[in-house]
Amino acid sequence: MIELLLIGAVVFVIAGSVKGLVGIGLPTAAISMLTMFIDPRTAIAMGLVPIVVSNAWQVWTMGDIRGAFQRYWIFALALGVSVFVTVVLSAEISDRVIFLALGLSIVSFAALNLRFTMPRLPDRFDKLGQLGFGTAGGILGGLSGVWVAPVIMYMSARQVPKDEFVRAVGLLLLIGGVPFALAYVQQGFLTPELGAMSLALVVPTLLGFTLGAKLRSRFSNESFRKLVLYVFLILGLNLLRRGIF
Numbered sequence: 001m002i003e004l005l006l007i008g009a010v011v012f013v014i015a016g017s018v019k020g021l022v023g024i025g026l027p028t029a030a031i032s033m034l035t036m037f038i039d040p041r042t043a044i045a046m047g048l049v050p051i052v053v054s055n056a057w058q059v060w061t062m063g064d065i066r067g068a069f070q071r072y073w074i075f076a077l078a079l080g081v082s083v084f085v086t087v088v089l090s091a092e093i094s095d096r097v098i099f100l101a102l103g104l105s106i107v108s109f110a111a112l113n114l115r116f117t118m119p120r121l122p123d124r125f126d127k128l129g130q131l132g133f134g135t136a137g138g139i140l141g142g143l144s145g146v147w148v149a150p151v152i153m154y155m156s157a158r159q160v161p162k163d164e165f166v167r168a169v170g171l172l173l174l175i176g177g178v179p180f181a182l183a184y185v186q187q188g189f190l191t192p193e194l195g196a197m198s199l200a201l202v203v204p205t206l207l208g209f210t211l212g213a214k215l216r217s218r219f220s221n222e223s224f225r226k227l228v229l230y231v232f233l234i235l236g237l238n239l240l241r242r243g244i245f
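Those letters in the sequence shown? Residues 1 to 245, by my numbering.
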């Protein structure tokens, strides 16, 4: 147990740094690294408290929570409902299939957007886009614990600036994390022992997040966008590796 906690601390310092720097990637980075040592369901359960707390911290430090929620409430509702339902309905699904599907979607998205600009989503289709991307995020998240790909696809299509991107992504990941955690408790994946370990991993996560946030101001909007995409490419490839091997 102590050895696993130490491994978890190192993993969440790294994942927290990624989160603080680009506003995304904590669950993807943490889960992909932890599954080198433990099974995916346990890895996801270990990350639940740090994921929720880091997203809450991100939203709080960025400010304008009410404004962000008013802009993205349709996305938040679709995400929250679909992630809970998917966890409940997919408790027996193969983890290998999940990693392959998620890794392929992330790698495809990153590779395309590193060479091409994401088509802009017009204002008149925003509500429909929020509903579609939010539901897709909930389904992916319920299966694998990672629902950021549809979130970033939507934000890229809306062409939001850097600070708004970080604020909105943090809010949507936080809102999705709460029903996801409740569903994991209901299904018995989050035991008291894993819950205590997950709580202890909040400290290294916040340390990494603080470090990454301090580095964020050094990047322009374009550099920031490219950094996000490269992070996704690396993490997506790692998920594919886990699905194959």
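Beta carbons: idealized from backbone N, C-alpha and C, even for Gly. This structure is a prediction, so every number in the text was calculated from the model and none was measured.
Whole-angstrom distance between residue j and residue i, CA atom to CA atom
i, j, result
"residue 204", "residue 124", "42 Å"
"residue 163", "residue 126", "20 Å"
"residue 40", "residue 232", "19 Å"
"residue 122", "residue 154", "11 Å"
"residue 91", "residue 27", "19 Å"
"residue 88", "residue 132", "20 Å"
"residue 134", "residue 218", "31 Å"
"residue 181", "residue 109", "27 Å"
"residue 198", "residue 31", "13 Å"
"residue 177", "residue 15", "16 Å"
"residue 168", "residue 245", "35 Å"
"residue 148", "residue 107", "13 Å"
Among the options, the one whose alpha carbon lies nearest that of residue i
i, options, result
"residue 59", "121, 95, 81 and 171", "171"
"residue 85", "27, 138, 148 and 12", "138"
"residue 209", "55, 118 and 154", "55"
"residue 144", "22, 95 and 73", "95"
"residue 75", "34, 89, 26 and 129", "129"
"residue 71", "158, 196, 202 and 135", "158"
"residue 5", "193, 115 and 118", "193"
"residue 222", "206, 176, 156 and 177", "156"
"residue 37", "20, 50 and 1", "1"
"residue 175", "244, 200 and 52", "52"
"residue 35", "118, 197, 7 and 107", "7"
"residue 200", "48, 33 and 25", "48"
"residue 306", "57, 118 and 3", "Residue numbering for the chain in the displayed model covers 1 to 245; residue 306 lies beyond these limits and cannot be assessed."
"residue 184", "142, 160 and 206", "142"
"residue 118", "93, 160 and 79", "160"
Residue j beta carbon less than 9 Å from that of residue i
i, j, result
"residue 81", "residue 150", "no"
"residue 102", "residue 77", "no"
"residue 212", "residue 17", "yes"
"residue 235", "residue 29", "yes"
"residue 215", "residue 63", "no"
"residue 227", "residue 22", "yes"
"residue 104", "residue 230", "no"
"residue 146", "residue 50", "no"
Heavy atom of the ligand MN within 8 Å of residue i beta-carbon
i, result
"residue 177", "The model on display carries no ligand, and the ligand MN is accordingly not part of it."
Would you check if the stretch 176 to 190 and the stretch 34 to 48 touch, i.e. whether three or more CB-CB distances between them fall below 8 Å? yes
Stretch-stretch touch, CB-based, cutoff 8 Å, three pairs: the stretch 230 to 241 with the stretch 91 to 110: yes
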